[in-house]
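In what follows, a single structure is set out as structure tokens and then discussed.
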Amino acid sequence: MSTAAPTAAPARPRAARRVRWSARRIVLSGIGALILLVVLVPGLFTGDDWNSVNVADKFLGPSLDHPFGTDEAGRDILQRMIHGARLSIGSALAVAFAAAAIGTVYGAISGWAGGWVDRILMRIVDVFLAFPYLVLAMALAAAIGRDMKSAVIALIIVWWPSYARMVRGRVLSLKRDLHVRAARTLGASSAQLLRWHVVPHTFSEINARLTVDIGYALVALTGLSFLGLAAQGSSPEWGLMVSTAKGFVLSAWWYALFPGVVILLTVLYFVRVGDELAGEES
Amino acid sequence: MSDVLTVRNLSVRYPGAARPAVEGVSFTVPARGSVALVGESGSGKSTTALAVTRLLDRGVEVTADEIRFEGSDLLGLGARELRELRRGGLGMVFQDPRASWNPARTIERQLLDGLRGAQRAERRERLIAHMRRIGLHDPERRMRDYPHHFSGGMLQRALLAGVLVHEPRLLIADEPTSALDTTVQAELLALIGQLRTERGLSMLLISHDLGVVARMADHVLVLYAGRIAEQGPTAAVLADPQHPYTRDLLAAIPRLHGPRKVPLKVGKVAEARTEGCPYAGRCRFATDRCRAETPLPRPVGRTEVACHLAPLPDAKAA
Amino acid sequence: MTDIGPTTVAAPPAPPLQARAGAGRPARIALGVLSRLGWLLVVVWAAVSLTFILSRVVPADPARLAAGLQAGPEQVAEVRALLGLDQPLLSQYLDYLAGIARLDFGDSIQTRGPVLDDLLQALPATLELVIAAFVIYAILGITLGVLWALRPRGIASRLIGVGTIIGVAVPVFWLGLVLQVFLGAKLGWFPISGRLNYNDFGVSEVTGFTTVDAILAGNPSALGDAIWHMVLPVTALVASQLAIATRLMRTSMAAQLRRPYVRVARSRGSSELRVVTVDALRNALNPVVTMLGMQFGWLLAGTILVEVVFSWPGLGLYAFNAFRTFDYNPILAITIVTTVTFVVVNELVGLIYPILDPRLKEDR
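Those protein sequence lines, which keep their order, are chains A, B and C. Just so you know, this note's numbering puts the end of the first sequence at 282, numbered straight through with nothing missing. Just so you know, this note's numbering puts the end of the second sequence at 318, numbered straight through with nothing missing. Just so you know, this note's numbering puts the end of the third sequence at 364, numbered straight through with nothing missing.
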């Protein structure tokens, strides 16, 4: 059995990457690499004592020694944030990828199957979409426990339906195109059609949406941590830092400011990259 | 009788474009006469018409020695006077009837836009009469329908009625029939012809269809890459074209009988040269002089031609 | 834009609501309305069932929590019986459903009273913020978007453009905090928390909306104080959502302005103002209105965060406190209430759509 492309011209598979490198894209890629490094090996950027309590140094303002200042336990905020990146960004990545994966498979099946199967599956999706995400996340976190893991699961549950919808829509319209082609193609099986035509076409759209969603997931996650529904205790998660900072906001303004700025910039980055990818598709 | 429209040395440049969309175009539309602008897409014919009526977007650069409508200068006209003009002497009909109407509003509302009170009532009466004239049954009721309830042909007629109710002296028609079926096309053209005779209406017609032009226009301008290639009485230009492009255009029309003609050399108007004759890249007779020096229009026989080599050696069939 | 969650929302099935003149039109409308109501019920039922499942899946023992941490085993058992938690699951479920139908959400451990009362108390406060934010942000979003589309190369447009790029990424809770610290604490321009205090101004609480009540009492200084308290939270809410609406409005408007009928309208001598507002804007608003409707739900989410930051006594703060103390009934109640609101708003938006686009009024 071969998975060779059927004889009808396959839709330009996006696997052939024709990326045009502009200055902007080089910069974006560079930042992306940096983010990846920070998430994977935070130790590269900080000393070993990044988390050590040093009460004598508490609430020091921004300075050369401590670019973001220190917190209530005398820890350097910048260093904590670097370590927190793994939590915050990592979780956001998990949410986005998992939601995209589940939603894509679900939507592809639904769209490809068509008929009443499609209708039922989509009804289920509609029910999910009817819940405002934060409330659902809260309720789920209340039920399955408050930690990063539960928050991630909650957000995945909330997020996957929109991918399902999108992919199913694409599959449906592609199916309509394909029926004509399939008739002309010599005995190409559904699997082959799916693999060589449907998937490449939806791939870049999913990619663009996925990247943007990493940003939005980050916002949602930090929000949940802020409310105490995700990260707990002394975890260096960014949203949690803002929440803790809230208590000291009058004496240590930098504590609340910088984590938020970093969140903002990170989300901005992902949204920009996503837009860039979307631009490439059209 | 004076000319209804005078255009001298019109140039139009879109922002960021390599070369002007229209350059050095001059023509007049006499009273009761009809002039056609002919060319393929990208030749600048629509742009010319839009430039004359100042309907181009803000950033586009329009320059001319003179643009006069019934003696008054169009270029210097203020916004309000321009609006008055559009509600009066100048009427325009556009290509795609479906796209020309706002789908969210009724025909009546769109045509009576901005009018109030007695003026509106009076205009409405006349509009109904005109709608009937163009063949719309039960116009009172149907005018309150939305555009998607009408066929393409009827929409175009309605557009025409909306224009005519202003009693214009000049009708500018930009590809009025291109989006329609051939039978509907013929009907619309016949209608326009009748209305012109009835009212002594002058017309500026833009078309890529030489058949339509042959039927409707007294005088024709052939445009290529924004410049006039040839202009003259329609009969003369079509019977005995002097510019290589005109010849190629005519030759490209598929015919049922006769020997196969040399096909129009493939090329894109957008890639036309900026130096010398714009047609030099596609022209069979092109010489070095053609490539270096831009030809200016000069009288040759009964027409005006912008070509160094006119009059061309073999008169009729190429 | 922040807390934006998944970017689409349920579009329930249902045939177009209105049909063109013809026999059976009232029947078709009735059918449309019924099917939408049916859909609403399905979603509500799903929400209620989901919360029920969650409440029974909870790791902590609700009976224990209700009885208090000092209670001994017999007291816990008593409480369990009292709360009906020793009944088989199915009958618990049915009781639960029946209770919801009666709007009986149980009691709150925190306040020791019916959750319904707490909800009714907190609701106006939240609505006041949400409505104010929604109105302001809709108007601003549309205006800015249209301006941006009309003069894309102007200075204002560049500023708006940059603003929306950043706005999309701002976390609302952080923005609220920043506003609170800098404009509230440091500069002292606005209060850092809470709402109008009725007693301080001798205004009686009629509707629960501080602004409305102040107006009813004819007390201008109270009204001023009420608004003054609302400025920061509403600003945070508006700022977090504004970017999306503005961008969408601009894209939609720019697309309409490029359409041929705009040029045709101009050629007829319509004034520029008319062409922009009556012709182009009318069509451009369609996708924006749908989006606005969807955003109402996300506004609710943002409100929770803002209420926490500003200690605004609304549903959000209520939910937050309930959450921290493991008080489940309120959380479940709020889940149901907000979900229902969300769906209802989306339905309403769906009803508006045919009004804006006459083509949808027809049967296809």
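Ideal placement from N, C-alpha and C gives every residue a C-beta, glycine not left out.
In its chain, beyond the 5 residues on either side, R168, V171, L172 have a beta carbon closer than 6 angstroms to the beta carbon of A/G111. At a beta-carbon threshold of 7 angstroms, the residues of chain B lying near C/S267 are T53, L55, R86, M92, ordered along the chain.
For C/L120, the enclosing alpha helix (DSSP H) starts and ends at 115–150. As summarised for the region 10–70 of chain A, the continuous alpha helix (DSSP H) elements at least 4 residues long and confined to that stretch are 23–40, given in chain order. Shown here, C/E205 sits in coil according to DSSP, grouped into three states, outside any helix or strand.
Comparing alpha-carbon positions, the option among C/N329, C/V349, C/G350, C/V344 lying closest to A/M138 turns out to be C/N329. For B/V237, the uninterrupted alpha helix (DSSP H) segment begins and ends at 234–239. Judged by DSSP secondary structure, B/E23 falls within the beta strand (DSSP E) whose first and last residues are 22–30. Contact check for C/G316 and C/T126: beta-carbon distance about 6 angstroms, within the 8 angstroms limit, so the pair qualifies.
Chain-ordered, the chain A residues with CB closer than 8 angstroms to the CB of C/T51 read A139. Within the region 119–182 of chain A, the complete alpha helix (DSSP H) segments of 4 residues or longer fall at 133–144, listed in chain order.
For B/E198, the enclosing alpha helix (DSSP H) has its first and last residue at 182–199.
The beta carbons of C/A236 and C/L179 sit about 6 angstroms from each other, so the pair counts as a contact at 8 angstroms. Each residue's CA atom was taken as its position, placing A/G279 and A/V273 some 10 angstroms apart. Under the three-pair Cβ rule at 8 angstroms, the region 52–63 of chain A does not count as touching the region 197–213 of chain A.
Below 8 angstroms, too few C-beta pairs join the region 78–87 of chain A and the region 99–118 of chain A to call them touching: fewer than three. For B/G162, the closest Cβ of chain C is nearer than 8 angstroms.
C/N283 sits buried, since 16 or more C-beta atoms from the chains shown fall within 10 Å of its C-beta. The region 91–166 of chain B contains no complete beta strand (DSSP E) run of 3 or more residues. Leaving aside the five residues that flank B/L164 on each side, the residues in its chain whose CB is nearer than 6 angstroms to its CB run, in chain order, H130.
Burial check for A/W116: the Cβ neighbour count within 10 Å stays below 16, so the residue is exposed. Note on C/D107: 16 or more other CB atoms within 10 angstroms of its CB, so buried under the neighbour-count rule. Going by DSSP, B/I172 is part of the beta strand (DSSP E) stretching over 170–174. With 16 or more other CB atoms across the displayed protein chains lying within 10 angstroms of its CB, C/R263 is buried. Out of C/T335, C/I352, C/R80, the CA that lies nearest to the CA of A/F131 is found in C/T335. Between the region 242–253 of chain C and the region 48–56 of chain B there are fewer than three C-beta pairs closer than 8 angstroms, too few to call the two in contact. By the CB criterion at 8 angstroms, B/G91 and B/P168 fall inside the cutoff. Between the alpha carbons of B/R302 and B/P139 lies a distance of about 47 angstroms.
With a cutoff of 8 angstroms on beta-carbon distance, A/L257 and A/G239 are scored as not near each other. Fully contained in the region 69–110 of chain C are the following alpha helix (DSSP H) runs of length 4 or more, in chain order: 73–82, 89–101. Contact holds between the region 30–50 of chain B and the region 186–206 of chain B, because three or more Cβ pairs, one in each stretch, are under 8 angstroms apart. For the region 93–122 of chain C, the beta-carbon criterion of a distance under 8 angstroms to any beta-carbon of chain A is satisfied by none of its residues. A check of alpha carbon separations from C/A98 across C/V48, C/V146, C/E128, C/D118 identifies C/V48 as the nearest. Look at the beta carbons and you see the region 147–161 of chain B touching the region 169–181 of chain B: at least three pairs across the two are nearer than 8 angstroms. Within the region 252–267 of chain A, W253, A256, L257, G260, I263, L264, V267 place their CB atoms closer than 7 angstroms to a CB of chain C, listed in sequence order. Not a single CB atom of chain A sits nearer than 8 angstroms to the CB of C/P313.
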